Amino acid sequence: MSVVAKPTGSRAAMPPKRPGLKRQQRRNVLAAVAFISPWIVGAAIFTLWPIFYSGYLSLTDYDVINPPSFIGLDNYARLLEDPKIVLSLANTLYYTVLLVPLQIIFSLSLAILLNEAGRSSSFFRTAFYLPNMTPPVAVGILLLLLFNGQDGLVNAVLGWFGIEGPNWTTDPAWIKPGLVMMSLWSVGSTIIILLASLRNVPAELYESARMDGASAWQRTIRITIPMISGTIFFLVVVNTIAGLQTFTEAYTAFHGAGTYSNDASLFYAIYLFQQAFEFLQMGYASAMAWVLFVIIMILTGIQFFVSRRLVYYGGEDQ
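And the structure:
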C-alpha cells in the first residue's frame with residue numbers, strides 16, 4: 633500500500649495563490665488616483681508650486697515689473713534689521729496669546745450651556761453660527777462703529793453702569809483688546825465643534841460623579857475637560873495658526889484707504905501684505921512668509937510636545 637506524504641511546515645499553511653489579486657489591487661489604486669486627480673492637480677498648481685516658488689523668490693530681488701534678481705540670503709538679513717518686523721511680530725503674538733484662551737473659554741462655556749438646552753439647542757446653534765457668515769470686511773467696519781470712543785455702542789453700554797469707556801480705535805493700549813473682543817463675534821464654528829465633542833462624553837461618568845456628590849464645577853473640571861481635551865487641543869492649534877495669520881478685520885479697520893493707521897494694529901500679515909502689494913517688494917515679502925511659516929511650525933511643534941501630558945484620548949492605554 634502506497635503512502636502519500638503530506639506537506640508539512642510553512643508551505644502547508646500557505647493559502648492558495650490568487651493570480652488576479654495584485655492586478656485588481658492595481659486597478660483599485662488607479663481608479664482611486666483617477667477620482668482624486670482633480671484635487672492632486674489643483675493642489676500641485678495652486679498650493680505646492682506657489683510654496684516652492686515663494687521660496688525661490690525669497691532669495692531674489694523682485695518687484696513684479698522686472699525679472700527676479702538672485703541676491704541669496706540678503707532678504708533674510710534685512711529682516712533682522714527691520715524694526716517693524718519685531719513690532720509686527722510682537723503685536724501678532726500679543727493678539728494671539730490673548731485671543732486663543734478667550735476663544736476656548738467663551739466657546740466652551742456656551743457649548744456646555746447648549747448641551748443642557750434640550751430641544752431649543754438647535755435654534756441657539758444656528759444663532760451662534762450665523763455671525764460666521766458675516767464677511768470679515770464687514771466685521772472690520774462694524775468694529776469701528778461699535779468701538780468708536782465717542783459714540784460707539786460699547787462705550788454707551790458701559791456708560792449705563794457709570795464706566796467711562798476707553799478710545800478703543802485710537803488708544804494703542806486698547807486697539808488689540810478691542811480686536812480680540814470683536815473676534816469673539818465669530819466663535820460659532822468653535823462652539824459647534826465643542827458641542828459635538830460634549831455629546832460624545834459618556835453620561836454614566838456624570839451620573840457616577842453626581843452620586844459621589846461632585847458639584848457642577850467639579851464635574852466640568854474632572855470629567856468634561858479631560859474627556860474633550862483632544863478637541864480642545866485641536867482648536868488651540870487651529871486658532872493659534874489663524875491668530876498668527878490674522879489680517880482682514882484689522883486691515884479693514886485700521887489700514888484701509890482713508891482709515892486711521894496705528895502701529896499697535898500692525899500685524900505681521902498686514903506688514904507682509906504692505907511689502908508685497910504696496911511697496912512691490914515681493915522677494916522681501918516671500919522671505920517674511922517663510923519666517924512666519926517657520927514660527928508657526930515651531931509653535932505647533934511645542935504645542936504637540938506639551939499635549940503629550942495634557943491631552944487624553946479615549947482609545948489609548950493609561
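According to this note's numbering, the stretch in the sequence shown is residues 633 to 950, in order.
Even for Gly, the Cβ is constructed at its ideal location relative to N, Cα and C.
Only a predicted model underlies this, so the values are computations on that prediction, with no experimental measurement involved.
Please report how far the alpha carbon of residue i lies from the alpha carbon of residue j, in whole angstroms.
i       : j       : result
Tyr-688 : Thr-884 : 30 Å
Gly-933 : Phe-865 : 12 Å
Gly-915 : Ser-897 : 24 Å
Ser-634 : Ala-666 : Its pLDDT being 48, under 50, Ser-634 is placed unreliably by the model, and the measurement read from it follows with that caveat. If I take the Cα positions, the gap works out to 57 Å.
Ser-642 : Glu-836 : Note that Ser-642 scores 49 on pLDDT, short of 50, meaning its location in the model is unreliable and no value can be drawn from it.
Met-765 : Ala-759 : 11 Å
Ser-939 : Phe-738 : 21 Å
Ile-927 : Trp-671 : 28 Å
Ala-846 : Val-769 : 46 Å
Gly-875 : Trp-800 : 20 Å
Trp-817 : Phe-756 : 14 Å
Glu-748 : Tyr-726 : 34 Å
Arg-831 : Gln-913 : 50 Å
Asn-814 : Leu-662 : Per the sequence shown, residue 814 should be read as Met rather than Asn. Taking the straight line from one Cα to the other gives about 48 Å.
Ser-840 : Val-868 : 30 Å
Ser-741 : Ser-720 : 32 Å
Gln-906 : Gly-797 : 32 Å
Gln-782 : Ala-805 : 17 Å
Thr-724 : Trp-849 : 33 Å
Phe-586 : Val-786 : Examination of residue 586 is not possible in this model, given that the chain is present from 633 through 950 alone.
Gln-935 : Val-732 : 13 Å
Leu-931 : Arg-655 : 45 Å
Gly-791 : Gly-784 : 11 Å
Arg-842 : Met-929 : 42 Å
Ser-701 : Asn-707 : 12 Å
Thr-679 : Ile-873 : 17 Å
Asp-803 : Gly-820 : 29 Å
Arg-941 : Ser-861 : 11 Å
Gln-950 : Ser-829 : With a pLDDT of only 46 at Gln-950, under the threshold of 50, the placement of this residue in the model should not be trusted; the figure read from the coordinates follows. Using only the alpha carbons, I get a separation of about 21 Å.
Ile-616 : Met-859 : Look at the range of the chain in this structure, 633 to 950, and you will see that residue 616 is not part of it.
Ile-857 : Tyr-945 : 12 Å
Gly-674 : Pro-682 : 12 Å
Phe-937 : Ile-736 : 20 Å
Can you check DSSP and say which residues form a bridge with residue i?
i       : result
Asp-693 : Ser-701
Considering Cα atoms alone, identify which of the options is closest to residue i.
i        : options                               : result
Phe-899  : Glu-910, Phe-909 and His-887          : His-887
Leu-734  : Pro-804, Asn-871, Thr-852 and Ile-703 : Asn-871
Leu-773  : Leu-762, Gly-794, Leu-811 and Leu-680 : For the sequence presented, residue 773 should be read as Ile rather than Leu. It is Leu-811.
Ala-919  : Asn-787, Gly-862, Arg-655 and Phe-684 : Phe-684
Asp-695  : Ala-917, Tyr-708 and Val-926          : Ala-917
Val-729  : Trp-817, Tyr-903, Leu-912 and Lys-808 : Lys-808
Ala-901  : Ile-927, Leu-912 and Thr-878          : Thr-878
Thr-863  : Leu-931, Val-943, Ser-840 and Tyr-903 : Val-943
Leu-762  : Ile-823, Ala-841 and Ile-795          : Ile-823
Ile-703  : Ile-697, Arg-710, Gly-797 and Leu-691 : Leu-691
Ile-697  : Leu-924, Phe-909 and Phe-937          : Phe-909
Trp-922  : Ser-754, Leu-711 and Ile-668          : Leu-711
Tyr-838  : Trp-849, Ile-855 and Ser-829          : Ile-855
Ile-744  : Leu-827, Ala-841 and Phe-937          : Leu-827
Phe-686  : Ile-930, Phe-925 and Phe-937          : Here residue 686 is Ser; the residue named in the question, Phe, does not match the sequence. Among Ile-930, Phe-925 and Phe-937, the Cα nearest to that of Ser-686 belongs to Phe-925.
Glu-881  : Ser-669, Phe-937, Pro-767 and Arg-842 : Pro-767
Val-718  : Ile-930, Arg-941, Tyr-903 and Phe-937 : Tyr-903
Lys-1022 : Leu-705, Thr-802, Ala-675 and Asn-894 : The chain is shown only over 633 to 950; residue 1022 falls outside these bounds and no answer can be derived.
Asp-693  : Ile-668, Phe-911 and Val-789          : Phe-911
Ile-825  : Pro-834, Tyr-945, Leu-746 and Leu-778 : Leu-746
Looking at residue i and the ligand NAD, is the gap between the Cβ and the nearest heavy atom below 8 Å?
i       : result
Gly-845 : What this structure holds is no ligand at all, so the ligand NAD is not there to describe.
List, from N- to C-terminal side, the alpha helix (DSSP H) runs of 4 residues or more that fit wholly inside the segment 887-926. If we require 4 residues or more, the alpha helix (DSSP H) runs fully inside the segment 887-926 come out as 900-905.
Which ranges would you report for the beta strand (DSSP E) in the segment 841-895 if only whole runs of at least 3 residues count? Those beta strand (DSSP E) runs which fall completely within the segment 841-895 and span 3+ residues do not exist here.
Alpha helix (DSSP H) segments (min. 4 residues) lying fully within the segment 764-843: If we require 4 residues or more, the alpha helix (DSSP H) runs fully inside the segment 764-843 come out as 768-778, 785-792, 804-815, 820-831 and 835-843.
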